[in-house]
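Engineer:
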Amino acid sequence: MVTFIRWLINLSMTTKISKFHVCLPVIFACAGLFTGNLLSTAGVLHSDSLQAKEAIIIPVIDGVGDDECWETASWLPIDQMWIPWGDPLLPFDDFKGEFKVMWSDETDELYFLVQTTDDVFVDGYVWPGSKYPDYDILEIFIDEDYSGGLHIFDTESSLAANAFSYHIAIDEPADGGYTDFLVVCDIAGTSWGDRTTPDYAGHIPEFVVSREGRNFIWEFSLHVYNDSYDHTNPAASLVELSAGKIMGLSMAYCDNDNPDESPLSRDNFIGSVSVSEEAYNDHWQNADGYGILTLVENSAPSVTTGHQDNNPVYNIYPNPTLDNTIYLSYNSDLPGDHVIIRILSMDSQVLYSEVFEKYQAQFTQQISLDGIGTGIYLMEIEIADQKFVRKFTRSNNHQ
Ligand SMILES: [Ca+2]
Ligand SMILES: [Ca+2]
Ligand SMILES: [Ca+2]
Ligand SMILES: [Ca+2]
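The structure is reproduced here in structure tokens:
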């Protein structure tokens with residue numbers, strides 16, 4: 001099914017017809033069989049399907065997110081618990097993360113602004129050690145051509161550069177300070193016997209992480225390479241970016257809060273997209289579960305409609321939920337006096353719809369799942385004419 005949908009996306013691109021109009025009816029005809037990323041019928045991209053707007057004026061990479069271009073990009077949460085899979089979200093002071101992504105036609109680079117909160121930062125990773133996931137690591141997964149598939153080694157059937165999982169290791173900046181030194185690890189080679197860990201720091205040409213208290217701002221750019229990448233000649237596989245390009249992209253954070261243990265051991269792994277229990281830790285080796293990133297022109301809806309996505313933070317928990325109840329917590333200063341919460345099946349049938357009047361900018365709402373069986377669903381939050389959509393799972397068999 002994933003292959004089929006990738007084919008549909010490629011078809012819509014090659015025929016120069018809007019992928020939205022060509023693909024949607026066919027995708028939804030198949031949706032009952034598909035549990036991956038989807039586009040919604042309302043014309044709103046689900047949060048697992050990301051859009052990156054073009055940055056007309058590229059941001060100054062200084063660890064400060066006050067650049068004009070960032071105001072036109074929406075925050076996307078890093079809030080899916082991959083390890084342990086399906087556990088309740090961590091308290092915000094243990095970990096909270098969100099990111100923005102943009103692109104430039106001028107530099108052919110992606111630009112990222114990431115905010116993380118982490119109560120204890122475990123650093124000290126020394127390249128080329130293999131245990132980098134046991135430190136506090138920001139991780140970017142990128143599949144340049146949205147091919148999916150394995151990306152560990154160069155073998156007869158797959159290429160290590162089919163996708164990259166960039167593990168960004170830093171030493172914690174001083175409070176109020178910043179760092180621009182990073183090591184970026186991923187696996188290469190042809191087998192575990194000749195495995196290497198190249199430092200891909202050169203793929204991130206500009207990079208600054210600033211820190212205030214327990215809050216970190218990561219601002220950086222990223223070159224994009226295709227799967228013919230050769231570490232001795234990176235420039236040969238640099239990719240030009242243009243509007244309409246579709247890539248696989250997910251973000252994640254490896255959180256360890258115990259610098260004194262030996263050996264170090266990762267506590268939690270929190271990602272930006274929903275993954276199935278079977279694929280709870282597949283991103284590092286397989287690009288099939290990545291989110292879909294589409295590059296779009298800078299026709300920012302937030303400007304044309306007069307609305308701004310003022311850093312909404314929303315969480316759905318527990319996810320998966322084992323019982324009759326799920327909670328939505330929301331934090332935003334969007335205008336408006338009511339919020340509409342809907343639950344949709346994966347084939348877009350509305351199973352629940354409720355209007356909550358006079359909501360507060362910060363609220364937590366308990367939602368009953370009476371009459372909704374086990375499976376994967378979408379929760380749509382409509383507020384001030386903006387919609388945010390998130391997947392959740394109702395399970396009765398959580399190990
Ligand atoms: Ca900046
Ligand atoms: Ca933590
Ligand atoms: Ca690929
Ligand atoms: Ca930590």
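Okay, so the sequence shown: first residue is 1 according to my numbering, each after it adds one. The beta carbon of each residue, even a glycine, is placed where N, CA and C say it ideally should be. Note that this is a predicted model, so its numbers are computed, not measured.
Mind checking who residue 251 pairs with in its DSSP beta bridge?
Structural biologist: 140
Engineer: Going by Cα to Cα distance, which pick from 59, 88 and 386 is closest to residue 403?
Structural biologist: Residue 403 lies beyond the stretch modelled for the chain, which goes from 1 to 399, so this question has no answer here.
Engineer: Contact check, residue 248 vs residue 143 under 8 Å by CB: the rounded distance?
Structural biologist: The pair is a contact, with the Cβ atoms about 3 Å apart (cut-off 8 Å).
Engineer: When the Cα of residue 93 is compared with those of 120, 172, 189 and 76, which residue comes out closest?
Structural biologist: 120
Engineer: Strictly closer than 6 Å from CB to any heavy atom of ligand 3: give me those residues in the order they appear in the chain.
Structural biologist: Going along the chain, the residues that qualify are 143, 144, 145, 147, 162, 163 and 227.
Engineer: Write down the C-beta distance between residue 327 and residue 366 rounded to the nearest angstrom, noting that I regard them as a contact closer than 8 Å.
Structural biologist: 6 Å
Engineer: So residue 264 is in the beta strand (DSSP E); what residue range does that whole segment cover?
Structural biologist: Careful: residue 264 lies outside any beta strand (DSSP E) and carries neither H nor E.
Engineer: In terms of residues, what are the limits of the beta strand (DSSP E) holding residue 377?
Structural biologist: 375 to 383
Engineer: Quick one, what's near ligand 2 if you take every residue whose CB is closer than 5 Å to any heavy atom, in chain order?
Structural biologist: If you measure from each CB to the nearest heavy atom of ligand 2, the residues under 5 Å come out as 94, 95, 118, 119, 255 and 257.
Engineer: Less than 8 Å between the CB atoms is what I'm expecting for residue 281 and residue 89, so what's the real figure, rounded?
Structural biologist: Not confirmed; about 18 Å, so no contact.
Engineer: Given 8 Å as the limit, is there contact between the region 180 to 195 and the region 251 to 269, that is, 3 or more CB pairs closer than that?
Structural biologist: The region 180 to 195 is not in contact with the region 251 to 269.
Engineer: Compare the Cα-Cα distances from residue 288 to each of 233, 146 and 102 and report the closest residue.
Structural biologist: Among 233, 146 and 102, the Cα nearest to that of residue 288 belongs to 146.
Engineer: Thinking residue 55 and residue 111 are a contact (beta carbons under 8 Å), I'd like their distance in whole angstroms, please.
Structural biologist: 6 Å
Engineer: At a threshold of 7 Å, does residue 173 count as lining ligand 1 (C-beta to nearest heavy atom)?
Structural biologist: no
Engineer: So, for residue 165: in the same chain, excluding its five sequence neighbours on each side, which residues have a beta-carbon less than 7 Å away from its beta-carbon?
Structural biologist: 139, 141, 186, 283 and 284
Engineer: Could you check which residue in 104, 149, 394 and 58 has the C-alpha nearest to that of residue 274?
Structural biologist: Minimum Cα distance to residue 274 is reached at 394.
Engineer: Is DSSP giving residue 342 helix, strand or coil here?
Structural biologist: When DSSP states are grouped into helix, strand and coil, residue 342 belongs to the strand group.
Engineer: In the region 62 to 88, which residue ranges form an unbroken beta strand (DSSP E) of at least 3 residues, counting only runs that do not cross its ends?
Structural biologist: 80 to 83
Engineer: Is the beta carbon of residue 50 less than 8 Å from the beta carbon of residue 293?
Structural biologist: yes
Engineer: Should residue 95 and residue 253 be called a contact, given that it needs their Cβ atoms to be closer than 8 Å?
Structural biologist: yes
Engineer: Identify, in the order they occur along the chain, each residue of the same chain with its Cβ nearer than 6 Å to the Cβ of residue 298, setting aside the five sequence neighbours on each side.
Structural biologist: 53, 54 and 56
Engineer: With a cut-off of 8 Å, do at least 3 Cβ pairs link the region 216 to 223 to the region 96 to 115?
Structural biologist: yes
Engineer: Is the Cβ-Cβ distance between residue 376 and residue 78 less than 8 Å?
Structural biologist: No; because the gap between Cβ atoms is not below 8 Å, this pair is not in contact.
Engineer: The beta strand (DSSP E) that contains residue 97, what's its start and end?
Structural biologist: 95 to 103
Engineer: Which of helix, strand or coil does DSSP assign to residue 132?
Structural biologist: helix
Engineer: Are residue 356 and residue 330 close, meaning C-beta to C-beta below 8 Å?
Structural biologist: For the pair residue 356 and residue 330, the CB atoms are not nearer than the 8 Å cut-off.
Engineer: Between which two residues does the beta strand (DSSP E) carrying residue 284 extend?
Structural biologist: Careful: residue 284 lies outside any beta strand (DSSP E) and carries neither H nor E.
Engineer: Do residue 125 and residue 183 have their CB atoms nearer than 8 Å?
Structural biologist: yes
Engineer: Given a threshold of 16 other Cβ atoms within 10 Å of its Cβ, counted over all protein chains shown, does residue 109 qualify as buried or as exposed?
Structural biologist: buried
Engineer: Is any non-hydrogen atom of ligand 4 found closer than 7 Å to the C-beta of residue 269, if you look at the structure I gave you?
Structural biologist: no
Engineer: Cβ-heavy atom distance between residue 65 and ligand 5 below 7 Å?
Structural biologist: The model on display carries ligand 1, ligand 2, ligand 3 and ligand 4 but not ligand 5.
Engineer: Express the C-alpha separation of residue 380 and residue 430 in angstroms, rounding to a whole number.
Structural biologist: Here the chain has residues from 1 to 399 only, and residue 430 is not among them.
Engineer: Short of 7 Å in beta carbon distance, which residues of its chain neighbour residue 405, apart from the five on each side in sequence? Order them along the chain.
Structural biologist: Because the chain is modelled from 1 through 399, residue 405 falls outside the range shown and cannot be assessed.
Engineer: Is it the case that the CB of residue 209 approaches a heavy atom of ligand 4 more closely than 7 Å?
Structural biologist: No, since every heavy atom of ligand 4 falls outside the 7 Å radius drawn around the Cβ of residue 209.
Engineer: Check whether the Cβ of residue 205 sits closer than 7 Å to any heavy atom of ligand 1, and report yes or no.
Structural biologist: no
Engineer: Confirm, please, whether the CB-CB distance from residue 171 to residue 123 is below 8 Å.
Structural biologist: yes
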